[in-house]
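Asks: Under the working numbering, the first residue of the sequence shown is numbered 824, with each subsequent residue one higher.
Dumping the structure here so I can ask a few things about it.
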Amino acid sequence: MSLLPVETALAKIFERIPAPQPEIVALPEANGHVLLEPLLARHNQPPFNASAMDGYAVRAEDFAEGVSTSVRLVGTSQAGSAYSGTLNSGEVVRIFTGAPVPDGANCVMMQEVATVTEGRVSFSELPKAGKSIRPMGYDFADGEALLAPGTRLTPYSLALAAAANAPTLTVARRPTIAVLSTGDELVLPGAALAPSQIVASNAFGLVPLLSPFAQAVADHGIARDDFSDLRGKLEAALEADIVVTSGGASVGDHDIVQDVLKDLGVEIDFWRINMRPGKPLMFGTRGKSLIFGLPGNPVSAMVTATVFLLPALRRWLGEDEPLGPRLVLPLAEPLPPNTARRHFQRATIETAGSGATRVRPISETDSGHTSSLAQAHALIIQPENDPGQPAGALVEVIPL
Ligand code: AMP
Ligand code: MG
């Protein structure tokens, strides 16, 4: 079987991802969701001409050279309680930060340059029209689109949504995900290991990796390499929108995941992807469920989840950059030549004393070597047949 390029596999997966479905969430629940309808401002911000300083609101023209040098204090405007009148020529109003600038005033003089004597105010600087005033709508205007569909909501964008007076947002409904580990040799962390047993670690990385994109991620535990045990557990897992298995994905005698999925009516593709780590990958659909069969080797499982599952989830949610964040960084040391398979090479990101950020490849490439993956901050995407790169060359990386 020929090896499938990474992009081809991703494109085949993307073809089967359903269109995003709307869900309305309140702001406190919205962090990390992806916007499906634009955030529209419901008013002008600021809603009125607002003072940017504690000081005095004046009419700049009163101070044109040769005109009055002191003006009469007639009132106060503070946040939440505006000066009700119009400022006439020769008048000044005490004003505080965020308070409405009275009609007629066109400049706020900061209090540090003001002298108040017997109800009159003079300034050591000449007032200039517009100074220290945030005009109405300066931040955003009523009806303005502030966040576009496809935006992943962050604390910063949620503060903006609140400022725009939107108590709820229309976001993409997140999928439910079921994770199932397979293997006769697997035991849960904390067990006393009998000879030839292996601790099942994959689910403990996959669940938190996928959680930010899911309504819920359920860990369905370990299925044995036994047709009926695996069938029962997979059938239960198929209640979820997305099922993620690990292990049993090769074509060995004990690798029965494919057979069981077919028996359950899953329409399935088995791919050997042109990448390392993580060659074998299964992808299938049944009704509205998507099924990803990841390799069992722990580094392969996490890397294939990062390269295929996270983009699939971003696509499901309608994110505008389904591949997620990518960086281009200079190498801290040479990158050895690649094979014909695309290499997702573990690497650390470091900030040298000079402040320049660089990426340093980790030489370990074994697909079961979990400690090097835990050390890594990023995966360098090394193209197929890359001849190797000198220190300082720019490489594309996926931050982890
Ligand atoms: P498999 O794809 O089932 O042939 O598994 C490949 C390798 O990954 C074997 O050494 C398994 O013991 C190991 N493995 C499979 N599943 C897990 C898991 N959930 N956690 C850790 N290692 C696993
Ligand atoms: Mg196995």
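Glycine residues also receive a C-beta, built at the ideal position from the N, C-alpha and C atoms.
Quick check on Lys1102: buried or exposed, where buried means 16 or more other Cβ atoms within 10 Å of its Cβ?
Replies: Looking at its Cβ environment, which holds 16 or more other Cβ atoms inside 10 Å, Lys1102 is buried.
Asks: Taking 8 Å as the threshold (C-beta atoms), are Leu976 and Ala849 in contact?
Replies: In this structure, Leu976 does not lie closer than 8 Å to Ala849 by Cβ.
Asks: Give me the DSSP bridge partner(s) of Ile1065.
Replies: Answer is Ile1000, Leu1113.
Asks: As a quick exercise: from Ser1051, Asn1025, Asp1052, Lys1085, pick the residue whose alpha carbon is nearest that of Gly1070.
Replies: Closest option to Gly1070, Cα to Cα, is Asn1025.
Asks: Could you tell me if the beta carbon of Pro1118 falls within a distance shorter than 7 Å of some heavy atom in ligand 3?
Replies: The model on display carries ligand 1 and ligand 2 but not ligand 3.
Asks: Take Val1010 as the anchor and find which of Ile1000, Phe1027, Arg997 has the nearest alpha-carbon.
Replies: Nearest option by C-alpha distance: Phe1027.
Asks: Inspect the CB distances between the stretch 877-891 and the stretch 1012-1020 and report whether three or more fall short of 8 Å.
Replies: Contact between the stretch 877-891 and the stretch 1012-1020 is absent, because fewer than three Cβ pairs lie under 8 Å.
Asks: Which one of Gln868, Tyr906, Ala928, Gln901 has the shortest CA to CA distance from Val894?
Replies: Taking only the C-alpha atoms, the option nearest Val894 is Ala928.
Asks: State yes or no: is the C-beta of Asp1048 nearer than 7 Å to some heavy atom of ligand 2?
Replies: Yes, Cβ of Asp1048 sits closer than 7 Å to a heavy atom of ligand 2.
Asks: Using 10 angstroms around the beta-carbon of Gln1205, count the other beta-carbons present and answer buried if the total reaches 16, otherwise exposed.
Replies: Burial call: buried.
Asks: Quick one: what's Trp1094 bridged to in DSSP?
Replies: Bridge partners of Trp1094: Leu1104.
Asks: Given the structure, does Asn854 come close to ligand 1, in the sense that its CB is under 7 Å from one of the ligand's heavy atoms?
Replies: No; taking the cut-off as 7 Å, the Cβ of Asn854 has no heavy atom of ligand 1 nearer than that.
Asks: In three-state terms, what does DSSP make of Leu983?
Replies: Looking at Leu983 - three-state DSSP - the assignment turns out to be helix.
Asks: Taking 7 Å as the limit between beta carbons, can you name the residues of its chain near Lys951, skipping five residues before and five after?
Replies: The answer, listed in chain order, is Ala883, Cys930.
Asks: My assumption, with CB atoms under 8 Å, is that Ala1023 sits in contact with Ile1000. Please give the rounded CB distance.
Replies: About 17 Å; that fails the 8 Å criterion.
Asks: From which residue to which residue does the alpha helix (DSSP H) around Val1080 run?
Replies: Val1080 -> alpha helix (DSSP H) spans 1080-1086.
Asks: Need the endpoints of the beta strand (DSSP E) that Gly1044 sits in, please.
Replies: Note, Gly1044: beta strand (DSSP E), 1039-1046.
Asks: Quick check on the DSSP output: the alpha helix (DSSP H) that includes Val857 runs from which residue to which?
Replies: Per DSSP, Val857 belongs to no alpha helix (DSSP H) and is neither H nor E.
Asks: Closer than 7 Å: is that where the CB of Ile1021 sits relative to any heavy atom of ligand 1?
Replies: Yes; taking the cut-off as 7 Å, the Cβ of Ile1021 has a heavy atom of ligand 1 nearer than that.
Asks: Got a sec? Which residues, its chain only, sit under 6 Å from Asn1120 by beta carbon, not counting five neighbours each side?
Replies: Around Asn1120: Ser1190, Gly1191.
Asks: Could you give the residue range of the alpha helix (DSSP H) that holds Ile836?
Replies: That run of the alpha helix (DSSP H) goes 829-838.
Asks: Any idea what DSSP makes of Val1089, helix, strand or coil?
Replies: Residue state, collapsed to three classes: coil.
Asks: What is the DSSP secondary structure of Thr1188, counted as helix, strand or coil?
Replies: In the structure shown, Thr1188 sits in coil (DSSP, three-state: anything other than H, G, I, E or B).
Asks: With a CB to CB cut of under 6 Å and the five nearest residues on each side skipped, what residues in its chain are close to Ser1063?
Replies: The sequence given here places Ala at residue 1063; Ser does not occur at that position. Result list for Ala1063: Thr999, Ile1000, Ala1001, in chain order.
Asks: Just to confirm the assignment, what range does the alpha helix (DSSP H) spanning Met1125 have?
Replies: Start and end: 1121-1127.
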